[in-house]
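FYI, the working numbering numbers position 3 of the sequence shown as 435, with every residue one higher than the one before it. All residues carry an ideal CB built from backbone N, CA and C; glycine is no exception. As the structure is a computational prediction, the values presented were derived from the model and not from experiment.
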Amino acid sequence: MWNGERELTEPVSLVGPDGLLNPDAVGWSRRPIHDTSGIGIGHGGLPRAWGRNKRWEYWLVMTPTHLFSLTISDVDYASSHSIWVYEILTGKRLDVAAIVPFARGAVLEPSLGDGVARGGSMSLGGKLLPTGPGRMRAFIDPVTEGTRLRAEGQAPRVNPSGISSVRFDVTAHRSPEHEALGVVVPWSEKRFQYTVKETALPATGYLELDGEVIELPAGEAWAILDHGRGRWPYKMDWNWGAASGYGQSPSGTVAVGFQSGAKWTDGTGARENAITVDGRLYPIHEDITWDYEFGQWDKPWHLHSESVDLWLEPFWNHDAITDLGVIAMKANQVFGYFSGTVTVDGQKITIDNMLGFAEDVRNKW
């Protein structure tokens with residue numbers, strides 16, 4: 433039986449020399465200590481377990497007026513990169529994606545913090561193309577302050593009623609004391625996932641929409657990271673939810689980041705539930721029940737357990753559907769405002785109208 437609830441504090445390799453899951457890697461951590469360089473690496477030209485390796489970086493930035501995101505990913509037989517932006521007050525949005533066969537030209541760091549990531553629309557030779565109609569590109573770089581996120585993209589054609597072009601340059605600030613939830617989810621010795629979920633990172637920089645530059649509001653913009661490295665089963669469903677902002681503790685106002693996952697960890701002994709309070713991570717070692725009506729995305733969601741009681745009031749569903757036969761995804765990422773309480777380490781944290789999301793994803797990949 434895997435021990436997914438033990439805390440790991442020393443560096444460890446995710447896989448052994450045989451390419452299988454290293455039992456010593458199973459557990460959770462407060463900092464990125466897993467060496468994941470064995471994922472996507474193999475011999476004879478193809479990685480081990482080719483077709484099952486999944487590597488990605490997903491970043492979300494939230495402000496009171498805008499939501500925007502970038503993804504750089506490599507799933508062996510293809511790379512899927514994307515950027516999107518949503519204007520909360522007007523409902524205008526733009527999604528630009530690039531799917532590249534055999535992940536040609538995609539760059540992802542071997543382990544979190546060990547390098548840069550690059551992705552976007554590619555030439556046949558695997559060169560990143562300049563931005564043009566229907567194209568996008570994205571860049572992730574480690575910097576002294578944390579992580580720099582840059583991206584730009586254009587709609588296939590000018591959209592008078594929507595957003596035609598987007599560009600952003602944002603820094604997600606990470607203090608040395610800030611902690612993140614790292615978890616290894618062990619389905620088997622051949623199928624497993626290492627994920628890092630990081631919330632409540634202050635964000636600065638700008639967002640440019642159709643030539644209009646919007647500075648991110650100080651103290652009101654937050655970045656969230658989903659970093660993933662692993663070997664997945666072909667079919668998997670999951671829930672993921674996160675929020676960032678300010679809450680109230682017995683000692684006063686605190687910066688809060690909430691994170692919860694469900695379905696995909698069932699039966700593994702691992703959980704990915706946690707809250708950060710002023711950068712300190714408090715794992716929640718209990719299952720959180722997700723109550724929502726599938727297909728009724730505008731209705732409230734309720735996440736609850738012995739220590740968690742949170743309601744999400746939705747205002748927008750970012751729906752994404754891919755159907756390429758053997759590869760298919762249906763994602764409903766519902767954004768809204770969380771309210772309720774989370775009790776950890778003897779203190780009750782109260783959340784009121786905190787911006788965040790909850791999602792239902794069904795994948796065949």
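Within the same chain, and ignoring the five residues on either side of tyrosine 678 in sequence, the residues whose Cβ sits closer than 8 Å to its Cβ are Thr685, Val686, Ala687, Val688 and Met786. Phenylalanine 534 has no beta-bridge partner at all, per DSSP. One Cα belongs to isoleucine 783, the other to phenylalanine 690, and the distance between them is close to 10 Å.
In the DSSP annotation of this structure, the continuous segment of the beta strand (DSSP E) that includes tyrosine 518 starts and ends at 510-519.
The C-beta distance from threonine 773 to aspartate 741 rounds to 5 Å, short enough to meet the 8 Å contact threshold. Under the criterion of beta carbons closer than 8 Å, isoleucine 572 and alanine 549 qualify as touching, at roughly 4 Å. Contact between asparagine 485 and isoleucine 471 holds: their C-beta atoms lie close to 6 Å from each other, under 8 Å. Residue pairing for proline 746: DSSP places it in a beta bridge opposite Gly768. Annotation note: the segment 701-761 contains the following uninterrupted beta strand (DSSP E) runs of length 3 or greater, listed N- to C-terminal: 706-709, 712-715, 721-723, 733-736 and 740-755.
Cβ-Cβ distances below 7 Å link alanine 760 to Thr754 and Lys796 in the same chain, with the five nearest sequence neighbours on each side left out; the list follows chain order. Annotation for alanine 587: no beta strand (DSSP E) segment contains it, and DSSP assigns it neither H nor E. Here alanine 457 carries a helix assignment [DSSP, helix/strand/coil]. When DSSP states are grouped into helix, strand and coil, glutamate 577 belongs to the coil group.
Close CB contacts of serine 593 within its chain, under the 8 Å cut and outside five residues either way in sequence, are with Lys524 (chain order). Per the C-alpha coordinates, the member of Arg703, Leu641 and Ser445 positioned closest to asparagine 671 is Arg703. Between serine 683 and the set Phe789, Arg569 and Asp710, the nearest pair of CA atoms involves Asp710. Closest by C-alpha distance to leucine 613, out of Ser469, Leu544, Gly483 and Leu735, is Leu544.
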